[in-house]
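First residue of the sequence shown: 1, per UniProt numbering; consecutive thereafter.
Report on one structure; see the data block that follows.
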Amino acid sequence: MALTVVGAYVCTLLWTARVSVSSARIFPTGDFVGLGQYERLFRNARWLLSLENLAIYGAVFIIACLVLGFLLAVFIDQKVVGEGALRTVFLYPYAMSFVATGLVWQWILNPELGIQRVVRQLGFTDFTFDWIVHQDKALYTIVLATVWQASGLVMALLLSGLRGIDEELWKAARIDGIPVWRVYTSIVLPMLWPSLSTAFVLLFVMVVKLFDAVVAMTQGGPGTATEVPAKFIMDYLFGRANIGLASAASIVLLATVLAIVAPLYYARLKAQARGAA
Numbered sequence: 001m002a003l004t005v006v007g008a009y010v011c012t013l014l015w016t017a018r019v020s021v022s023s024a025r026i027f028p029t030g031d032f033v034g035l036g037q038y039e040r041l042f043r044n045a046r047w048l049l050s051l052e053n054l055a056i057y058g059a060v061f062i063i064a065c066l067v068l069g070f071l072l073a074v075f076i077d078q079k080v081v082g083e084g085a086l087r088t089v090f091l092y093p094y095a096m097s098f099v100a101t102g103l104v105w106q107w108i109l110n111p112e113l114g115i116q117r118v119v120r121q122l123g124f125t126d127f128t129f130d131w132i133v134h135q136d137k138a139l140y141t142i143v144l145a146t147v148w149q150a151s152g153l154v155m156a157l158l159l160s161g162l163r164g165i166d167e168e169l170w171k172a173a174r175i176d177g178i179p180v181w182r183v184y185t186s187i188v189l190p191m192l193w194p195s196l197s198t199a200f201v202l203l204f205v206m207v208v209k210l211f212d213a214v215v216a217m218t219q220g221g222p223g224t225a226t227e228v229p230a231k232f233i234m235d236y237l238f239g240r241a242n243i244g245l246a247s248a249a250s251i252v253l254l255a256t257v258l259a260i261v262a263p264l265y266y267a268r269l270k271a272q273a274r275g276a277a
C-alpha cells in the first residue's frame, strides 16, 4: 500500500507538476518555461468559464446537500417506522456510479421522454420543464441529479452525529421549554461540527472531481453551459493533445483542494488538542 501511494500518487503528482512548467504538447518535454502554461491557462476563456460554472455549481450543490441531508437525518432520528429501510433508500443513490445517475437523470429531464412529456400526457399541455436544453438552466440540472445522489451520504454522517447527542440534553430542553428549532440551531448544530466539516470536505472534493455526471447528462453543453475544469483537463489531455496545459490545470485544482481542506484539518486538530487538554 505504501509503494502504491508513493508510486501512483506522489510520483505522478511530481511528474504532473514538472510537465506543467514545460512547453509539452503531445509528448512530455524536459525544458522549463516557468509559469508560461499557467499564464496561458488563465487567458483561456473556456477555462475561466469552467471555473465560474464550478463555483456556481459548488455553492448550490454543497448548500443543498447539507440542508437536505440534515433534514433527512433529523427525520430519521425521530425513530420513525421502517427506519432501516428508509436509511437504505436514502443512502442507496450514493452507491450508484455518477455515469448511471447522469444517464437516468438525462432521460428524466429530456423534454421528449421524461417529466415534461409525462405531465403533458396527464392533460397539462402547457407544462414546460426543459432546463437541460437551456444554456442558463442546464447547470442546475447537474445540481439536481448530484444532490439526489450525494444527500444520502450527508444524512448518514449527520445521523451518526445526532445519535451521539446525550438524551439528557433533550430532556433538559423540554423542561426549560426551549423550542425544538432553537435547540437544533443553537445547540445541536454546533455539536455536529465534526460531522458537518467531514461532510463539507467530502462534498467539496466531489465538486472539484465533477466530470462523470456532466459527460453523461450534457457533454458540457448546451454549448459550454456546463463546462467544468475536470472536463477541460480531459479534453485538452486526450482531445487536443496539450499535456502541458492539462497538467497546469490539474495542479490548479489540486491547489484549490489543499487550500480548502488544509485549514479545516488544522482547525480540527486544534479543536482535538483543546479537548484533550
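For glycine and all other residues, C-beta sits at the position ideal for the given N, C-alpha and C.
Label residue i either buried or exposed according to how many other C-beta atoms from any shown protein chain fall within 10 Å of its C-beta, with 16 as the threshold for buried.
i: W47; result: buried
i: L54; result: buried
i: M206; result: buried
i: F61; result: buried
i: residue 279; result: Residue numbering for the chain in the displayed model covers 1 to 277; residue 279 lies beyond these limits and cannot be assessed.
i: L192; result: buried
i: L122; result: exposed
i: A271; result: exposed
i: F27; result: exposed
My assumption, with CB atoms under 8 angstroms, is that residue i sits in contact with residue j. Please give the rounded CB distance.
i: L158; j: G69; result: 6 angstroms
i: T29; j: S22; result: 5 angstroms
i: Q135; j: A225; result: 4 angstroms
i: V80; j: P111; result: With 8 angstroms as the limit, V80 and P111 do not qualify as a contact, their Cβ atoms being about 36 angstroms apart.
i: L237; j: V208; result: About 16 angstroms; that fails the 8 angstroms criterion.
i: A24; j: I243; result: 5 angstroms
What span of residues does the alpha helix (DSSP H) with residue i cover, start to end?
i: A59; result: A45 to I76
i: V228; result: Per DSSP, V228 belongs to no alpha helix (DSSP H) and is neither H nor E.
i: Q121; result: I115 to Q121
i: I142; result: A138 to R163
i: Q106; result: F98 to L109
i: G36; result: G36 to F42
i: M1; result: Counting along the chain, M1 falls outside any alpha helix (DSSP H), and DSSP gives it neither H nor E.
i: F32; result: Neither: F32 is in no alpha helix (DSSP H) and is coded neither H nor E.
i: L192; result: Run containing L192: none; DSSP gives neither H nor E here.
i: Y236; result: It is not in any alpha helix (DSSP H) - Y236 carries neither H nor E in the DSSP assignment.
i: A24; result: Note, A24: premise wrong, no alpha helix (DSSP H); not H, not E.
i: G84; result: E83 to A95
May I have the straight-line CA-CA distance separating residue i from residue j, to the nearest angstrom?
i: G34; j: A138; result: 37 angstroms
i: residue 278; j: A262; result: In the structure as shown, the chain starts at 1 and stops at 277, and residue 278 therefore has no counterpart that could be examined.
i: T141; j: L109; result: 8 angstroms
i: S197; j: I233; result: 28 angstroms
i: V257; j: E227; result: 19 angstroms
i: A241; j: A249; result: 14 angstroms
i: V201; j: L144; result: 20 angstroms
i: V104; j: W148; result: 12 angstroms
i: G36; j: G7; result: 27 angstroms
i: Y38; j: P229; result: 14 angstroms
i: W131; j: T16; result: 37 angstroms
i: R274; j: A267; result: 11 angstroms
i: T88; j: I178; result: 33 angstroms
i: A100; j: V180; result: 39 angstroms
Grab me the residues of residue i's own chain with a C-beta within less than 7 angstroms of its C-beta, minus the 5 sequence neighbours each way, in chain order.
i: A73; result: M155, L158, L159 and L162
i: R120; result: F127
i: A173; result: V183
i: T150; result: Looking at the sequence provided, one finds Ala at residue 150 rather than Thr. Within the same chain, A150 has close Cβ partners C65, Y94, L203 and M206.
i: R40; result: L245
Taking 8 angstroms as the threshold (beta carbon to beta carbon), is residue i in contact with chain D?
i: V21; result: Given the protein chain composition of this structure (a single chain), no chain D is represented.
Please go through the same chain and pick out, in chain order, the residues whose beta-carbon is closer than 8 angstroms to the beta-carbon of residue i, but skip the five residues on each side of it.
i: K231; result: S50, F211, V214, V215 and G220
i: S195; result: L157, L158, S160 and G161
i: V188; result: L162 and I165
i: I76; result: E83, L86, R87, F90, M155 and L159
If I measure Cβ to Cβ from residue i and keep anything under 6 angstroms in the same chain, skipping five residues before and after, which residues do I get?
i: G84; result: none
i: F98; result: D212 and A213
May I ask whether a heavy atom of the ligand MN can be found less than 7 angstroms away from the beta carbon of residue i?
i: L86; result: The model depicted lacks the ligand MN and carries no ligand whatsoever.
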